[in-house]
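Worksheet: the structure to be examined is printed underneath.
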Amino acid sequence: MEYPDLEYYENNDGQKEEVRKLLKNLTLYNFYEKIDIEFKNHIESEKCNTCNEKLSNLANADNELLKLCKAVCNFILNNDNFQKFCEGKSCYSSCSDMKLRLYDRVMKINQHPENIGRFFDAIQSIRKRSDAKLKICDITNFDLKEDDFKYYKYLYEFVSIFFDIRYKISEKSNSIDKLYCKHIKEFFRFFHKTSKNCTNKSTCKYYNMFNNIKKKLITDDHLIFIYEKCKYEKTDCTPDSNIYDDIPCLKDKEDILKTPIANSDIKNDLNILYTAAIPVISISTIFYIFYKVNMF
1 MEYPDLEYYE NNDGQKEEVR KLLKNLTLYN FYEKIDIEFK NHIESEKCNT
51 CNEKLSNLAN ADNELLKLCK AVCNFILNND NFQKFCEGKS CYSSCSDMKL
101 RLYDRVMKIN QHPENIGRFF DAIQSIRKRS DAKLKICDIT NFDLKEDDFK
151 YYKYLYEFVS IFFDIRYKIS EKSNSIDKLY CKHIKEFFRF FHKTSKNCTN
201 KSTCKYYNMF NNIKKKLITD DHLIFIYEKC KYEKTDCTPD SNIYDDIPCL
251 KDKEDILKTP IANSDIKNDL NILYTAAIPV ISISTIFYIF YKVNMF
């Protein structure tokens with residue numbers, strides 16, 4: 001299953017795949033890669049018969065869902081923590097990361113609500129077994145429709161990788177930095193577009209996640225960092241949007257020397273100053289050379 005999912009990018013200008021390859025090296029997606037290997041483990045075990053009992057005769061059932069249930073069962077029975085799948089502080093969010101990845105896989109296989117419910121009922125039953133090692137992670141059903149979960153996933157993954165990205169953006173503004181910055185810009189545009197449909201908890205299933213990201217970006221110095229390091233400035237997202245929205249859309253800062261016609265007066269002023277400075281510099285240089293010669 002391809003990740004990261006960048007479906008929300010506005011334009012496929014050829015950089016999307018470059019960004020995807022770059023992001024795959026971040027902590028969250030390294031964790032996904034390791035967990036995916038576990039979820040593909042098809043070792044049969046009598047201890048996982050609960051999967052057969054819950055999923056054998058379901059409407060629109062899929063054999064892949066049964067296989068996934070058994071793989072997760074083996075994972076729960078044989079791993080008491082996530083230490084071999086993560087390092088340091090990243091382990092703090094491993095349970096949440098794993099639950100998100102698992103639900104994403106389930107949704108890709110089968111979106112029938114009853115089947116998804118039975119799947120997670122089976123996982124809950126297995127986790128409550130006395131011989132189950134993974135006690136620290138309560139694997140629950142997100143109970144979200146496809147679009148709601150998709151938006152939740154985009155929000156969750158961005159906030160999970162943002163600090164990794166911020167740490168990796170250098171002072172040099174090289175080609176790698178620009179790809180990281182592009183990802184931030186595309187996410188901000190998506191965030192603004194989504195905000196119109198996520199205004200309260202009763203109608204927006206991912207409201208808490210949405211609101212937390214907004215508060216975090218606004219209250220800290222993250223926006224200032226993005227403006228400075230990515231050389232971005234605020235811009236309107238759509239004709240009816242406001243440039244002063246909480247989370248703005250972004251565009252490249254304009255270079256006054258490259259801006260056409262509109263800044264022609266500024267360019268002329270700079271040219272006049274530059275031309276006037278040449279004789280001064282030349283005379284100063286001559287006096288300096290003359291002074292150095294007289295020293296010897």
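Numbering (full-length UniProt numbering), first residue to last: 1 to 296.
Glycine included, every Cβ here is placed at the ideal spot set by N, Cα and C.
Source: prediction; values computed, not measured.
Residue interval of the beta strand (DSSP E) (run including residue i)
i: residue 194; result: That residue, residue 194, is in no beta strand (DSSP E); its alpha helix (DSSP H) goes 175-195.
Residue environment, residue i, which counts as buried when at least 16 other CB atoms sit within 10 Å
i: residue 174; result: exposed
i: residue 183; result: buried
i: residue 108; result: exposed
i: residue 70; result: buried
i: residue 186; result: buried
i: residue 115; result: buried
i: residue 37; result: exposed
i: residue 129; result: exposed
i: residue 113; result: exposed
i: residue 287; result: Confidence in residue 287 is poor, its pLDDT being 39 and thus under 50, which makes the residue's placement unreliable; the coordinate value appears in the next sentence. Looking at its Cβ environment, which holds fewer than 16 other Cβ atoms inside 10 Å, residue 287 is exposed.
i: residue 2; result: exposed
i: residue 218; result: exposed
i: residue 295; result: Caution is warranted here: a pLDDT of 44 is assigned to residue 295, below 50, making its placement in the model unreliable, and no coordinate value can be reported.
i: residue 232; result: buried
i: residue 46; result: exposed
Which residues DSSP lists as bridging residue i, in chain order
i: residue 232; result: 252
Distance CB(residue i)-CB(residue j) smaller than 7 Å
i: residue 151; j: residue 206; result: yes
i: residue 139; j: residue 123; result: yes
i: residue 250; j: residue 18; result: no
i: residue 8; j: residue 191; result: no
i: residue 43; j: residue 134; result: no
i: residue 6; j: residue 16; result: yes
Where the alpha helix (DSSP H) through residue i begins and ends
i: residue 50; result: 49-55
i: residue 206; result: Per DSSP, residue 206 belongs to no alpha helix (DSSP H) and is neither H nor E.
i: residue 115; result: 113-127
i: residue 44; result: Per DSSP, residue 44 belongs to no alpha helix (DSSP H) and is neither H nor E.
i: residue 161; result: 146-168
Min CB distance residue i to chain C below 7 Å
i: residue 225; result: Judged by its chain identifiers, the structure shown contains no chain C, having just a single protein chain.
> Is there contact here, the segment 160-168 with the segment 22-32, by at least three beta-carbon pairs under 8 Å?
Replying inline: yes
>> Pairs of beta-carbons, one from the segment 115-129 and one from the segment 69-88, closer than 8 Å: are there three or more?
In response: yes
> Do three or more CB pairs link the segment 214-229 to the segment 165-181 at distances below 8 Å?
Replying inline: yes
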